[in-house]
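First up is the structure itself, then whatever we jot down about it.
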Amino acid sequence: MKKINRVYISGLGAIGSVYASKIHDTDNKMLSIIADDERIERYIKERVTINDSEYDFNYIRPDAAAEP
Numbered sequence: 661m662k663k664i665n666r667v668y669i670s671g672l673g674a675i676g677s678v679y680a681s682k683i684h685d686t687d688n689k690m691l692s693i694i695a696d697d698e699r700i701e702r703y704i705k706e707r708v709t710i711n712d713s714e715y716d717f718n719y720i721r722p723d724a725a726a727e728p
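Okay, so the sequence shown: first residue is 661 according to this note's numbering, each after it adds one.
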């Protein structure tokens with residue numbers, strides 16, 4: 661089985677945020693959240709809180725070049 665090196669999640673809705681928090685707690689360097697500029701700005705400004713824990717996710721725009 662291949663090792664997973666990068667994980668991209670599209671947005672932080674109900675399901676995305678749960679998976680994002682679990683992956684972040686395991687290895688935050690492998691995770692990036694895909695979002696547009698407006699959402700990224702809002703996530704950074706308002707801080708993302710999931711189950712009473714704040715998260716500083718890595719963000720990437722949908723049109724950005726990224727590792728597979």
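Note that beta-carbon positions come from the ideal geometry of N, C-alpha and C, so glycine has one too.
- Whole-angstrom distance between P728 and A680, CA atom to CA atom: Against the sequence shown, residue 680 aligns to sequence position 20. Against the sequence shown, residue 728 aligns to sequence position 68. So the alpha carbons of these two residues sit roughly 18 Å apart.
- Query: Who are the near neighbours of I694 in its chain, counting only those whose CB is closer than 6 Å to its CB and skipping five residues on each side?
  - Reply: The residue you call residue 694 lines up with position 34 of the sequence shown. The answer, listed in chain order, is Y668, S670, I720, P722.
- Task: Counting only runs of 4+ residues fully inside the region 671-714, write out the alpha helix (DSSP H) ranges in chain order.
- Result: Under the rule that a run must span 4 or more residues, the alpha helix (DSSP H) segments found entirely inside the region 671-714 read 674-687, 697-706.
- Task: Run the CB neighbour count on S692, radius 10 Å, all protein chains shown included, and call it buried at 16 or more, exposed below.
- Result: Within the sequence shown, residue 692 is the residue found at index 32, counting from 1. Residue burial is scored here from C-beta neighbours: S692 has at least 16 other C-beta atoms within 10 angstroms and is therefore classed as buried.
- Query: Roughly how many angstroms lie between the CA atoms of K662 and D687, to the nearest whole one?
  - Reply: Residue 662 sits at position 2 when you count from the first residue of the sequence shown. Residue 687 sits at position 27 when you count from the first residue of the sequence shown. Cα-Cα distance, rounded: 17 Å.
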